[in-house]
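A.B. asks:
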Amino acid sequence: MKALVLTAYNQFELQDLPRPQPGPTDVLVKVQAVGICGSDVHGMDGSSGRRIPPIVMGHEASGIVVETGEKVTNWHVGDRVTFDSTVYALDDWYSRKGMYNLSDGREVLGVSTPDFRRQGAFAEFIVVPQHILYLIPDNVSFTQAALVEPVAVALHALSLTPIQLNDTAVVVGSGMIGLFVIQALKLAGCGTIIAVDLDDDRLALARKLGASVTLNAGTEDVTAEVQALTHGRGADVSFEVVGIGPAVKTAIDCVRKGATVTLVGNLSKSVDVSLQAIVTRQLRLQGSCAINGEYEAALALISSGKMDVEAILSAEVPLEEGASWFQRLYEKEKGLIKVVLKP
1 MKALVLTAYN
11 QFELQDLPRP
21 QPGPTDVLVK
31 VQAVGICGSD
41 VHGMDGSSGR
51 RIPPIVMGHE
61 ASGIVVETGE
71 KVTNWHVGDR
81 VTFDSTVYAL
91 DDWYSRKGMY
101 NLSDGREVLG
111 VSTPDFRRQG
121 AFAEFIVVPQ
131 HILYLIPDNV
141 SFTQAALVEP
151 VAVALHALSL
161 TPIQLNDTAV
171 VVGSGMIGLF
181 VIQALKLAGC
191 GTIIAVDLDD
201 DRLALARKLG
211 ASVTLNAGTE
221 DVTAEVQALT
231 HGRGADVSFE
241 VVGIGPAVKT
251 AIDCVRKGAT
261 VTLVGNLSKS
271 VDVSLQAIVT
281 RQLRLQGSCA
291 INGEYEAALA
301 LISSGKMDVE
311 AILSAEVPLE
321 EGASWFQRLY
331 EKEKGLIKVV
341 LKP
């Protein structure tokens, strides 16, 4: 099969690899669409430490079942499917507690670390265990289904965050995940949604998708503006979806006393925070890791038209052009948010 392989940091090759074989409880999926995630872009240069070459990346994908293992039940050749990015054991302590995203020994498709290597979906075929599969609704395209994973990431972040009707929420970062968080906050009944970014084009898209107010952190005093919009108190909740120090600081500074700050971005391995500001204002800081059962809700929202995934789609291109599009995303080409490859 053809596969786009990260052979060394910042170096891709389109290679012929052996077609993977499903185990007894696995299925073989012929990939129809796969998205380039921001974590893949940052992984290709070695900065994240989670894409050690050689590796076939790609964890946001959809396709058609073409072969099933001998112990597979309820899945058949021809089924249109997407799948979770997390591979986990069903008998793990955390999985049994309903937190499979935190399971010991969990692996992520298209990721390689010193502890594990799991080939991803930038290829014609991929093998996945049957328990992470989801059936694609008839009215959802393969491209739309390849964007279910980031939608589910956004929904998971909201599931952890105490939100009440008419709350004010700040979303720091208007990239792909941030735009899905904004749409989810609107569906959850937030009264005011404030989007923060450095790119005016992304902020314009954030407003189109549900943001009430947009603030450019490069030209405006974000904290002062949020205070002015909230009677001097600050927002009820905030979401940081970038993963760098200044964005985390903004997310903390923007909220009222007693608020919740949900951290989704993890680009930086560590950031500095003001302990006194957190303690004396009784803030709740929490991380949101991946997905924990939100796939069905994400698919239903896309199928019903309540979640717009195509608004963030920048291009659909052949797998053979993947290396050049990775470079364009890495260089932060204006207007690019999401690229989907078609093997």
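First residue of the sequence shown? That's 1 in full-length UniProt numbering, and the numbers climb one at a time after it.
Backbone N, C-alpha and C define an ideal beta-carbon position, used for all residues, glycine too.
Just so we're clear, the structure is a prediction, and the values are computed from it rather than from any experiment.
1. Can you check which of these residues, V81, V264 and N101, is closest to Y88 by C-alpha distance?
2. Please report the Cβ distance between I177 and I193, rounded to the nearest whole angstrom; I am assuming they are in contact, meaning their Cβ atoms lie under 8 Å.
3. Going by beta-carbon coordinates alone, are A61 and V31 separated by less than 8 Å?
4. So, using beta-carbon positions, are I36 and W325 closer together than 8 Å?
5. Please name the residue or residues paired with N216 in a DSSP beta bridge.
6. As a quick exercise: from P20, I244, D236 and L147, pick the residue whose alpha carbon is nearest that of C190.
7. Check T25 in the structure and name its three-state DSSP category.
8. Assess contact between the segment 286-293 and the segment 77-88, defined as three or more Cβ pairs (one per stretch) separated by less than 8 Å. Is contact present?
9. What's the gap between the Cα of V77 and the Cα of P137?
10. What's the C-alpha gap between D115 and N266?
11. Please work out which residues of its chain come closer than 6 Å, Cβ to Cβ, to R281, disregarding the five sequence neighbours upstream and downstream, and give them in chain order.
12. Starting from V226, trace the alpha helix (DSSP H) both ways and give me its first and last residue.
13. Give me whichever residues DSSP pairs with I126 in a beta bridge.
14. Could you check what DSSP says for V41 in three-state terms: helix, strand or coil?
15. The beta strand (DSSP E) spanning R284 covers which residue range?
16. Would you call the segment 137-150 and the segment 204-213 in contact, with 3 or more CB pairs under 8 Å?
17. Quick one: measure Cβ to Cβ for I126 and V29, integer angstroms, because I've assumed they're closer than 8 Å.
18. Alpha helix (DSSP H) containing Q119: first to last residue?
19. Measure from the alpha carbon of E296 to the alpha carbon of each residue in V41, V140 and Y94, then state which is nearest.
20. Contact check, T230 vs T168 under 8 Å by CB: the rounded distance?
21. Once the 5 residues before and after G58 are set aside, which same chain residues still bring their CB inside 6 Å of it?
22. Excluding the five sequence neighbours on either side, which residues of its own chain have a C-beta within less than 8 Å of the C-beta of Y134, listed in chain order?
23. For I312, which residues from the same chain have a beta carbon less than 6 Å from its beta carbon, with the 5 sequence-adjacent residues on both sides left out?
C.D. replies: Let's see:
1. The sequence position of residue 88 within the sequence shown is 88, counting from 1. Ranking V81, V264 and N101 by Cα distance to Y88 puts N101 first.
2. Taking the sequence shown and counting its residues from 1, the one referred to as residue 177 is at position 177. Taking the sequence shown and counting its residues from 1, the one referred to as residue 193 is at position 193. Actually they are not in contact, since the Cβ atoms of I177 and I193 sit about 15 Å apart, beyond 8 Å.
3. Here residue 61 is taken as the residue at index 61 of the sequence shown, counted from 1. Here residue 31 is taken as the residue at index 31 of the sequence shown, counted from 1. For A61 and V31, yes; Cβs fall inside 8 Å.
4. If you number the sequence shown from 1, residue 36 lands on position 36. If you number the sequence shown from 1, residue 325 lands on position 325. It is a contact, given that the beta carbons lie within the stated cut-off.
5. Start at 1 with the first residue of the sequence shown, and residue 216 comes out as number 216. According to DSSP, N216 bridges with D197.
6. In the sequence shown, counting from the first residue as 1, residue 190 sits at position 190. When each option's Cα is compared against that of C190, the closest is D236.
7. On the sequence shown, position 25 is the one that residue 25 refers to. T25 falls in the coil class under three-state DSSP.
8. yes
9. Residue numbering aside, residue 77 sits at position 77 when the sequence shown is read from its first letter. Residue numbering aside, residue 137 sits at position 137 when the sequence shown is read from its first letter. C-alpha separation (whole angstroms): 16 Å.
10. Here the question's residue 115 lines up with position 115 in the sequence shown. Here the question's residue 266 lines up with position 266 in the sequence shown. Cα-Cα distance, rounded: 19 Å.
11. For the purposes of this step, residue 281 is taken as the residue at position 281 of the sequence shown. Same-chain partners within the cutoff: K257.
12. As a position in the sequence shown, residue 226 is number 226, starting the count at 1. Looking at the DSSP string, the run of the alpha helix (DSSP H) that includes V226 is V222 to L229.
13. In the sequence shown, the residue the question calls residue 126 occupies position 126. V29.
14. Translated into positions along the sequence shown, residue 41 becomes position 41. Helix, per DSSP.
15. The residue you call residue 284 lines up with position 284 of the sequence shown. Where R284 is concerned, the enclosing beta strand (DSSP E) stretches over R284 to G287.
16. no
17. Working through the sequence shown from its first residue, we reach residue 126 at position 126. Working through the sequence shown from its first residue, we reach residue 29 at position 29. So it is a contact: roughly 5 Å between Cβ atoms.
18. As a position in the sequence shown, residue 119 is number 119, starting the count at 1. Q119 -> no alpha helix (DSSP H), and no H or E assigned at all.
19. For the purposes of this step, residue 296 is taken as the residue at position 296 of the sequence shown. The shortest Cα separation from E296 among V41, V140 and Y94 belongs to V140.
20. For this step, residue 230 is matched to residue 230 along the sequence shown. For this step, residue 168 is matched to residue 168 along the sequence shown. The pair is a contact, with the Cβ atoms about 5 Å apart (cut-off 8 Å).
21. One-based indexing of the sequence shown puts residue 58 at position 58. Contacts found: V34, G110, G120, A121 and F122.
22. As a position in the sequence shown, residue 134 is number 134, starting the count at 1. These residues qualify, in order along the chain: V81, T82, F83, D84, V148, Y295, E296 and L299.
23. Taking the first residue of the sequence shown as 1, we reach residue 312 at position 312. Correct list, in chain order: M176, L179, I337 and K338.
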